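Colleague:
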Amino acid sequence: MQHRYGFVTMPVVNYYFDVLKTAVEHVTGQPLTPRRWANGASWAAFITHDIDNLYSAWKAPAKSALRQGRLLSFGRQLWRHLTTPDAWDNLAQVQQTVASYGAKSTFFFLPEHRPAANGTPNADYKLQKVWPEAAAAIGTSEIGIHVSLGAPYHAHLKREEHRLQHLRNGVKAYGIRFHYLQWEPRITPVILDTLLYKYDSTLGFAEYYGFRNSYCLPFYPFDFQQGKSFSFLEIPLNVMDATLHHPRYLQLEPEEILPALTLMFQEIERFGGVCTVLWHNENFDPANENTGPHQFAEIMDYLRSRNVAFVNGQEICEQMG
(Lines of atoms letter the chains of each structure in order from A and count residues from 1; the text may use other names and numbers.)
(Lines give C-alpha, C1' and ligand atoms only; values in the text may rest on other atoms or scores of the structure.)
Protein backbone atom coordinates (compact mmCIF):
# COMPACT_ATOMS: atom_id res chain seq x y z
CA MET A 1 0.00 0.00 0.00
CA GLN A 2 2.84 2.37 0.81
CA HIS A 3 4.45 1.69 -2.54
CA ARG A 4 1.22 1.77 -4.52
CA TYR A 5 0.06 5.10 -3.12
CA GLY A 6 3.47 6.63 -2.47
CA PHE A 7 3.19 7.47 1.22
CA VAL A 8 6.28 5.79 2.67
CA THR A 9 7.54 9.19 3.86
CA MET A 10 4.21 10.12 5.47
CA PRO A 11 3.27 8.69 8.90
CA VAL A 12 -0.32 7.90 7.96
CA VAL A 13 -1.11 6.27 11.32
CA ASN A 14 -0.19 9.49 13.11
CA TYR A 15 -2.63 11.40 10.90
CA TYR A 16 -5.41 8.97 11.83
CA PHE A 17 -4.57 9.35 15.52
CA ASP A 18 -4.61 13.11 15.08
CA VAL A 19 -8.18 12.89 13.76
CA LEU A 20 -9.10 10.76 16.79
CA LYS A 21 -7.39 13.25 19.12
CA THR A 22 -9.40 16.11 17.65
CA ALA A 23 -12.63 14.14 18.10
CA VAL A 24 -11.82 13.29 21.74
CA GLU A 25 -10.97 16.91 22.49
CA HIS A 26 -14.24 18.02 20.89
CA VAL A 27 -16.35 15.55 22.89
CA THR A 28 -14.61 16.07 26.23
CA GLY A 29 -13.87 19.76 25.87
CA GLN A 30 -10.40 19.03 27.24
CA PRO A 31 -7.16 19.47 25.26
CA LEU A 32 -4.86 16.45 25.08
CA THR A 33 -1.35 17.51 26.04
CA PRO A 34 1.31 16.38 23.55
CA ARG A 35 4.26 14.31 24.74
CA ARG A 36 7.42 16.20 25.64
CA TRP A 37 10.94 14.85 25.47
CA ALA A 38 14.09 15.83 27.37
CA ASN A 39 14.30 19.51 28.33
CA GLY A 40 10.77 20.06 27.05
CA ALA A 41 11.65 19.33 23.42
CA SER A 42 8.70 18.51 21.18
CA TRP A 43 10.50 15.69 19.32
CA ALA A 44 13.57 13.47 19.65
CA ALA A 45 16.47 12.02 17.65
CA PHE A 46 18.11 8.63 18.17
CA ILE A 47 21.60 8.49 16.61
CA THR A 48 22.88 4.96 16.01
CA HIS A 49 25.86 3.20 14.44
CA ASP A 50 26.04 -0.41 13.24
CA ILE A 51 29.64 -1.57 13.60
CA ASP A 52 30.06 -3.97 10.68
CA ASN A 53 33.66 -3.18 9.75
CA LEU A 54 36.71 -1.80 11.51
CA TYR A 55 39.59 -2.91 9.29
CA SER A 56 38.42 -2.88 5.66
CA ALA A 57 38.80 0.72 4.46
CA TRP A 58 41.84 -0.23 2.39
CA LYS A 59 40.24 -3.12 0.51
CA ALA A 60 38.14 -1.32 -2.12
CA PRO A 61 40.89 1.07 -3.31
CA ALA A 62 43.46 -1.76 -3.24
CA LYS A 63 41.23 -4.04 -5.34
CA SER A 64 40.53 -1.20 -7.77
CA ALA A 65 44.24 -0.49 -8.17
CA LEU A 66 44.98 -4.18 -8.74
CA ARG A 67 42.22 -4.56 -11.35
CA GLN A 68 43.56 -1.54 -13.23
CA GLY A 69 47.14 -2.80 -13.09
CA ARG A 70 48.34 0.09 -10.92
CA LEU A 71 50.70 -2.05 -8.91
CA LEU A 72 52.49 0.86 -7.24
CA SER A 73 49.19 2.20 -5.92
CA PHE A 74 48.21 -1.29 -4.79
CA GLY A 75 51.51 -1.61 -2.94
CA ARG A 76 50.95 1.72 -1.19
CA GLN A 77 47.49 0.66 -0.05
CA LEU A 78 48.82 -2.63 1.27
CA TRP A 79 51.72 -0.94 3.04
CA ARG A 80 49.40 1.62 4.62
CA HIS A 81 47.15 -1.21 5.80
CA LEU A 82 50.06 -3.01 7.42
CA THR A 83 51.64 0.03 9.08
CA THR A 84 48.89 2.50 10.01
CA PRO A 85 45.49 2.30 11.74
CA ASP A 86 42.58 1.64 9.43
CA ALA A 87 40.39 4.65 8.56
CA TRP A 88 37.34 2.71 9.79
CA ASP A 89 38.90 1.94 13.17
CA ASN A 90 37.41 5.21 14.32
CA LEU A 91 34.96 4.62 17.17
CA ALA A 92 36.45 7.38 19.31
CA GLN A 93 36.06 9.81 16.41
CA VAL A 94 32.44 8.73 15.93
CA GLN A 95 31.63 9.16 19.62
CA GLN A 96 33.33 12.56 19.79
CA THR A 97 31.71 13.83 16.59
CA VAL A 98 28.22 12.96 17.79
CA ALA A 99 28.92 14.36 21.26
CA SER A 100 30.00 17.68 19.72
CA TYR A 101 26.33 18.22 18.79
CA GLY A 102 25.18 17.53 22.33
CA ALA A 103 23.98 14.12 21.13
CA LYS A 104 24.52 10.52 22.25
CA SER A 105 25.67 7.55 20.19
CA THR A 106 24.29 4.04 20.40
CA PHE A 107 26.70 1.43 19.01
CA PHE A 108 25.38 -1.91 17.74
CA PHE A 109 28.24 -4.45 17.71
CA LEU A 110 28.30 -7.63 15.62
CA PRO A 111 29.40 -10.56 17.81
CA GLU A 112 29.71 -12.92 14.79
CA HIS A 113 32.89 -12.86 12.72
CA ARG A 114 32.21 -15.86 10.48
CA PRO A 115 30.29 -15.31 7.22
CA ALA A 116 26.71 -16.53 6.95
CA ALA A 117 26.00 -19.89 5.31
CA ASN A 118 25.36 -18.16 1.97
CA GLY A 119 28.71 -16.38 2.14
CA THR A 120 27.37 -12.97 3.13
CA PRO A 121 29.90 -11.30 5.45
CA ASN A 122 29.29 -10.46 9.06
CA ALA A 123 31.85 -8.49 11.11
CA ASP A 124 35.40 -8.03 9.81
CA TYR A 125 36.60 -8.13 13.43
CA LYS A 126 36.44 -10.53 16.38
CA LEU A 127 34.56 -8.72 19.10
CA GLN A 128 36.31 -10.38 22.02
CA LYS A 129 39.68 -9.34 20.60
CA VAL A 130 38.82 -5.71 19.87
CA TRP A 131 36.55 -5.08 22.84
CA PRO A 132 39.08 -3.50 25.28
CA GLU A 133 40.00 -0.79 22.77
CA ALA A 134 36.42 -0.42 21.52
CA ALA A 135 35.07 0.00 25.05
CA ALA A 136 37.66 2.66 25.80
CA ALA A 137 36.82 4.46 22.56
CA ILE A 138 33.07 4.69 23.12
CA GLY A 139 33.23 5.41 26.86
CA THR A 140 29.80 5.38 28.48
CA SER A 141 27.89 5.28 25.19
CA GLU A 142 24.97 2.88 24.97
CA ILE A 143 25.62 -0.44 23.27
CA GLY A 144 23.34 -2.94 21.57
CA ILE A 145 23.64 -6.25 19.76
CA HIS A 146 23.76 -6.22 15.96
CA VAL A 147 22.55 -9.73 15.28
CA SER A 148 24.45 -11.53 12.54
CA LEU A 149 23.06 -13.07 9.40
CA GLY A 150 22.21 -16.70 9.92
CA ALA A 151 21.05 -16.03 13.47
CA PRO A 152 17.26 -16.11 13.31
CA TYR A 153 16.88 -18.79 15.95
CA HIS A 154 16.77 -18.57 19.70
CA ALA A 155 19.92 -20.57 20.49
CA HIS A 156 22.14 -18.60 18.12
CA LEU A 157 20.87 -15.24 19.31
CA LYS A 158 21.21 -16.28 22.94
CA ARG A 159 24.86 -17.19 22.27
CA GLU A 160 25.55 -13.76 20.77
CA GLU A 161 23.89 -12.10 23.74
CA HIS A 162 26.10 -14.06 26.17
CA ARG A 163 29.24 -13.02 24.27
CA LEU A 164 28.45 -9.35 24.65
CA GLN A 165 27.27 -9.73 28.26
CA HIS A 166 30.54 -11.42 29.14
CA LEU A 167 32.54 -8.58 27.63
CA ARG A 168 30.49 -5.95 29.45
CA ASN A 169 30.93 -7.71 32.82
CA GLY A 170 27.34 -8.87 32.91
CA VAL A 171 25.74 -5.57 31.84
CA LYS A 172 22.88 -6.44 29.52
CA ALA A 173 22.54 -4.61 26.22
CA TYR A 174 19.25 -2.76 26.17
CA GLY A 175 18.58 -3.03 22.49
CA ILE A 176 19.04 -4.98 19.33
CA ARG A 177 19.14 -4.47 15.57
CA PHE A 178 19.39 -7.25 13.04
CA HIS A 179 22.18 -7.17 10.43
CA TYR A 180 20.88 -6.20 6.98
CA LEU A 181 17.60 -5.33 8.76
CA GLN A 182 16.53 -8.97 8.50
CA TRP A 183 13.14 -9.54 10.10
CA GLU A 184 10.86 -12.57 9.92
CA PRO A 185 7.44 -11.43 11.22
CA ARG A 186 6.40 -14.90 12.41
CA ILE A 187 9.64 -15.61 14.30
CA THR A 188 11.69 -12.51 15.13
CA PRO A 189 9.32 -10.74 17.56
CA VAL A 190 8.68 -13.98 19.45
CA ILE A 191 12.43 -14.46 19.91
CA LEU A 192 12.88 -10.88 21.08
CA ASP A 193 10.03 -11.23 23.54
CA THR A 194 11.52 -14.34 25.15
CA LEU A 195 14.95 -12.68 25.49
CA LEU A 196 13.44 -9.69 27.28
CA TYR A 197 15.25 -6.98 25.34
CA LYS A 198 13.87 -3.55 26.12
CA TYR A 199 13.86 -2.44 22.49
CA ASP A 200 14.50 -3.33 18.87
CA SER A 201 15.41 -0.86 16.12
CA THR A 202 15.30 -2.99 12.98
CA LEU A 203 12.05 -1.96 11.30
CA GLY A 204 13.05 0.39 8.52
CA PHE A 205 13.63 0.14 4.78
CA ALA A 206 17.05 -0.33 3.22
CA GLU A 207 15.66 0.88 -0.13
CA TYR A 208 14.11 4.14 1.05
CA TYR A 209 13.91 6.49 4.00
CA GLY A 210 10.60 6.91 5.78
CA PHE A 211 8.19 4.97 7.96
CA ARG A 212 8.07 1.21 7.51
CA ASN A 213 5.05 1.04 9.81
CA SER A 214 3.61 4.41 8.74
CA TYR A 215 4.18 5.65 12.29
CA CYS A 216 6.79 8.05 13.65
CA LEU A 217 6.77 7.07 17.33
CA PRO A 218 8.11 3.97 19.09
CA PHE A 219 5.44 1.33 19.68
CA TYR A 220 4.89 -2.12 21.14
CA PRO A 221 4.32 -4.59 18.26
CA PHE A 222 1.18 -6.69 18.55
CA ASP A 223 1.25 -10.45 19.04
CA PHE A 224 -1.72 -11.70 17.03
CA GLN A 225 -1.30 -15.24 18.36
CA GLN A 226 -1.57 -14.19 22.00
CA GLY A 227 -3.89 -11.24 21.46
CA LYS A 228 -1.67 -8.75 23.30
CA SER A 229 1.36 -6.54 22.78
CA PHE A 230 4.89 -7.89 22.89
CA SER A 231 6.99 -6.70 25.81
CA PHE A 232 9.74 -5.02 23.75
CA LEU A 233 9.51 -1.51 22.33
CA GLU A 234 10.08 -1.06 18.60
CA ILE A 235 12.00 2.13 17.79
CA PRO A 236 11.58 2.32 14.00
CA LEU A 237 14.54 3.13 11.78
CA ASN A 238 13.87 6.16 9.56
CA VAL A 239 17.02 6.67 7.53
CA MET A 240 20.22 4.71 6.89
CA ASP A 241 23.29 6.19 5.24
CA ALA A 242 23.60 3.41 2.64
CA THR A 243 20.04 4.06 1.47
CA LEU A 244 20.96 7.51 0.27
CA HIS A 245 23.75 6.70 -2.17
CA HIS A 246 24.07 3.03 -2.97
CA PRO A 247 24.04 1.40 -6.43
CA ARG A 248 20.94 -0.63 -5.47
CA TYR A 249 19.14 2.16 -3.64
CA LEU A 250 18.52 5.90 -4.14
CA GLN A 251 21.81 7.18 -5.58
CA LEU A 252 21.17 10.72 -4.37
CA GLU A 253 23.78 13.36 -5.04
CA PRO A 254 25.38 14.75 -1.85
CA GLU A 255 23.58 18.08 -2.16
CA GLU A 256 20.24 16.29 -2.58
CA ILE A 257 20.34 14.37 0.70
CA LEU A 258 19.27 16.97 3.28
CA PRO A 259 16.51 18.48 1.08
CA ALA A 260 15.16 14.97 0.46
CA LEU A 261 15.09 14.14 4.18
CA THR A 262 13.74 17.47 5.40
CA LEU A 263 10.09 16.69 4.62
CA MET A 264 10.36 13.45 6.61
CA PHE A 265 11.97 15.29 9.52
CA GLN A 266 9.14 17.83 9.45
CA GLU A 267 6.56 15.05 9.70
CA ILE A 268 8.32 13.58 12.76
CA GLU A 269 8.56 16.99 14.40
CA ARG A 270 4.88 17.68 13.71
CA PHE A 271 3.77 14.62 15.65
CA GLY A 272 6.40 14.72 18.39
CA GLY A 273 8.05 11.52 17.19
CA VAL A 274 11.51 10.00 17.24
CA CYS A 275 13.88 10.36 14.29
CA THR A 276 16.14 7.30 14.19
CA VAL A 277 19.32 7.75 12.14
CA LEU A 278 21.76 4.97 11.27
CA TRP A 279 25.21 6.19 10.22
CA HIS A 280 27.85 3.45 10.03
CA ASN A 281 31.26 4.19 11.49
CA GLU A 282 32.85 3.54 8.08
CA ASN A 283 30.96 6.55 6.71
CA PHE A 284 32.76 8.89 9.08
CA ASP A 285 35.76 8.32 6.79
CA PRO A 286 36.56 11.63 4.97
CA ALA A 287 37.22 9.60 1.81
CA ASN A 288 33.45 9.14 1.52
CA GLU A 289 32.14 12.26 -0.20
CA ASN A 290 28.64 10.91 -0.90
CA THR A 291 27.36 9.73 2.48
CA GLY A 292 30.31 10.75 4.59
CA PRO A 293 31.04 13.09 7.49
CA HIS A 294 29.93 16.21 5.59
CA GLN A 295 26.46 14.81 4.89
CA PHE A 296 26.17 13.56 8.48
CA ALA A 297 27.10 17.04 9.72
CA GLU A 298 24.36 18.61 7.59
CA ILE A 299 21.76 16.28 9.09
CA MET A 300 22.97 16.90 12.65
CA ASP A 301 23.07 20.66 12.10
CA TYR A 302 19.48 20.55 10.89
CA LEU A 303 18.27 18.44 13.83
CA ARG A 304 20.01 20.67 16.34
CA SER A 305 18.59 23.81 14.67
CA ARG A 306 15.09 22.40 15.25
CA ASN A 307 15.68 22.00 19.00
CA VAL A 308 15.41 18.22 18.92
CA ALA A 309 16.12 16.20 22.07
CA PHE A 310 19.01 13.82 21.43
CA VAL A 311 18.26 10.60 23.31
CA ASN A 312 19.47 7.01 23.42
CA GLY A 313 17.41 3.84 23.39
CA GLN A 314 17.24 3.42 27.15
CA GLU A 315 15.91 6.95 27.56
CA ILE A 316 13.27 6.33 24.89
CA CYS A 317 12.14 3.21 26.74
CA GLU A 318 11.86 5.13 29.99
CA GLN A 319 9.92 7.91 28.28
CA MET A 320 7.51 5.52 26.55
CA GLY A 321 7.08 3.26 29.59
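If you read the sequence shown in our numbering, its first letter stands for residue 2, the second for the next number, and so on.
Quick reminder that beta carbons are idealized off the backbone N, C-alpha and C, glycines included.
Just so we're clear, the structure is a prediction, and the values are computed from it rather than from any experiment.
Given this structure, state the Cα-to-Cα distance separating P287 from L72, to the nearest angstrom.
Modeller: 24 Å
Colleague: Alpha carbon to alpha carbon, how far is P12 from A137?
Modeller: 39 Å
Colleague: Got a sec, what are the start and stop residues for the beta strand (DSSP E) G145 sits in?
Modeller: For G145, the uninterrupted beta strand (DSSP E) segment begins and ends at 143-148.
Colleague: Who are the Cβ neighbours of P190 in its own chain at under 6 Å, not counting the five residues just before and after it?
Modeller: P222, F231
Colleague: Please state if the CB of T203 and the CB of H246 are separated by a distance shorter than 7 Å.
Modeller: no
Colleague: What is the C-beta distance between T107 and E143, in whole angstroms, given that I count them as a contact (C-beta under 8 Å)?
Modeller: 4 Å
Colleague: On the three-state DSSP scale, how would you describe E290?
Modeller: coil
Colleague: If you compare alpha carbons, which of A45, I52, F18, H27 is closest to W280?
Modeller: Comparing alpha carbon positions, the residue from A45, I52, F18, H27 closest to W280 is I52.
Colleague: Quick one: Cα of Y102 to Cα of V28, how far?
Modeller: 43 Å
Colleague: I think N239 touches G273, with their Cβ atoms under 8 Å apart; what is that distance to the nearest whole Å?
Modeller: Contact doesn't hold; Cβ gap of about 14 Å is too wide.
Colleague: Between which residues of its own chain and D194 is the CB-CB distance below 8 Å, once the five residues before and five after are set aside?
Modeller: D224, F231, S232, F233
Colleague: Between which two residues does the alpha helix (DSSP H) carrying L365 extend?
Modeller: Outside the displayed range of the chain (2 to 322) lies residue 365, so it cannot be described from this structure.
Colleague: If I'm right that G314 touches I236 with Cβ under 8 Å, what's the distance once you round it to whole angstroms?
Modeller: 6 Å
Colleague: When DSSP labels each residue in this structure, what does F231 get in the three-state scheme?
Modeller: coil
Colleague: Using beta-carbon positions only, say whether H114 and K127 come within less than 7 Å of one another.
Modeller: yes
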